[in-house]
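Participant:
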Amino acid sequence: MNTKEQMIAYLTIVRKEVTRFMRIWVQTLLPSAITQTLYFVIFGKFIGSQIRDIQGISYMSFIVPGLVMMAVMNNAYTNVVSSFFGSKFQRNVEELLVSPTPNWVILAGYVTGGVLRGIVVGVIVFAVSVFFTHPVIAHGGVIILFVIMTAVAFSLGGFLNAIFAKNFDDVSIFQTFLLTPLIYLGGVFYSVHSLPIFWQKISQLNPLLYMINGFRFGFYGFSDVNILISLLILLGFSIVLSVVNLHLLRKGTGLKN
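Under my numbering, residues 40 to 296 are what the sequence shown spells out, in order.
(1) Over the uninterrupted alpha helix (DSSP H) stretch that includes Asp208, give me the two end residues.
(2) With H, G and I counted as helix, E and B as strand and the rest as coil, what does DSSP make of Ile96?
(3) Whole angstroms is fine: what's the gap from Gln45's alpha carbon to Val167's?
(4) What are the boundary residues of the alpha helix (DSSP H) that Arg130 is part of?
(5) Here's the rule: buried if 16 or more other CB atoms are within 10 angstroms of the residue's CB, otherwise exposed. What is Val140?
(6) Would you say Gly260 touches the ligand COA, meaning its beta carbon is less than 8 Å from a heavy atom?
(7) Taking the alpha-carbon positions, what's the Phe276 to Gly197 distance?
(8) Going by DSSP in three states, Leu280 sits in which element: helix, strand or coil?
(9) With a threshold of 7 Å on Cβ separation, who are the neighbours of Ala147 within its own chain once the five nearest residues in sequence on each side are excluded?
(10) What's the gap between the Cα of Ser88 and the Cα of Tyr149?
(11) Where Phe259 and His178 are concerned, what is the direct C-alpha to C-alpha distance, given to the nearest angstrom?
(12) Is Arg91 helix, strand or coil by DSSP?
(13) Give me the residue from Val210, Met112, Glu56 with the minimum Cα distance to Ala192.
(14) Exposed or buried, which one is Asp208 when buried takes at least 16 other CB atoms within 10 Å?
(15) Please work out which residues of its chain come closer than 7 Å, Cβ to Cβ, to Val227, disregarding the five sequence neighbours upstream and downstream, and give them in chain order.
(16) Please list, in chain order, all residues of the same chain as Ala201 whose beta carbon is under 6 Å from its beta carbon, the five residues on each side excluded.
(17) How far does the alpha helix (DSSP H) with Pro70 in it extend, from its first residue to its last?
(18) Whose C-alpha, out of Phe213, Asn114, Ile268, Glu134, is nearest the C-alpha of Val162?
(19) Would you please state the rounded distance, in angstroms, between the beta carbons of Val271 and Asn245? I believe it to be under 8 Å.
(20) Using C-beta distances below 7 Å, list every residue in its chain close to Leu35, excluding the 5 sequence neighbours before and after it, in chain order.
(21) Just to confirm the assignment, what range does the alpha helix (DSSP H) spanning Pro246 have?
(22) Please specify which runs of the alpha helix (DSSP H), each continuous and at least 4 residues long, are wholly inside the stretch 136-189, giving them in chain order.
(23) Whose C-beta lies closer than 6 Å to the C-beta of Leu287 among residues of the same chain, with five residues either side of it excluded?
See the structure below:
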């Protein structure tokens, strides 16, 4: 395929992905808005009113970046794993595999779809937060950089899960038993500095802590971890997952059974 044909293939996959999650927006976009609203009400309004400010920021404002990033992570991951596994289950992924479409175009198309859904939901959650507090944006470029890189990393993770998944239970098991606990322990609802030293050290092993805090830095200009390290971790995750996914696509792992 020449460059023009590759671009057509890429845009076709992206259009299919966007159409898929926009067509059923009640299932793909609305639930996150409702869930995050409940978080704002329960954790921010009821519990947050009894918690002192964190570095001069109210608790309600403090949790906004974490809740937005949590929505981005979950939706980027879920979109890709459900869509690609659905293609495997329905066996229409074979049409892609036998076509001259390069593997990197297939991967890029699905990842872009996940990134777009993650960003759309992130914007919705941020819009909801405005009804409860007034978040400050200190570094807009950092916010954009972290939200895109995080959405890419989790979309790649969703693609990897979809490759190995053999049934619908396998689609949710990783998200339920690994991803969700890491998100909740990644500093969404608290500053890692408020923990005892031992648990601070343990928390620093959680890669999601760096992603969430890097995003929070874009809003308020402070972070529990080094921003450069956060960027390097995100970049490293994306590169490793891209290489692994392309290798598995080339071998046909989980696709040619």
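Don't be surprised by glycine CBs; every beta carbon is placed ideally from N, CA and C.
All values reported here derive from a predicted model rather than from experimental measurement.
Facilitator: On the basis of the coordinates in this document:
(1) 207-213
(2) strand
(3) 38 Å
(4) Arg130 -> no alpha helix (DSSP H), and no H or E assigned at all.
(5) Here the sequence assigns Thr to residue 140, which means Val is not the residue at that position. Thr140 is buried by the Cβ-count criterion.
(6) Ligands in the displayed structure: none, and consequently the ligand COA is not present.
(7) 13 Å
(8) helix
(9) Tyr49
(10) 41 Å
(11) It should be noted that the sequence gives Tyr, not Phe, for residue 259. Roughly 8 Å separates the two Cα atoms.
(12) coil
(13) Met112
(14) exposed
(15) Ile102, Gly105, Leu106, Met109, Ile251
(16) Val120, Phe123, Phe124
(17) 69-78
(18) Asn114
(19) For clarity, residue 271 is Leu in the given sequence; the question names Val instead. Not really, about 15 Å apart at Cβ, beyond 8 Å.
(20) Given that the chain is displayed from residue 40 to residue 296, the structure contains no residue 35 and the question cannot be resolved.
(21) 246-259
(22) 142-168
(23) Ile202
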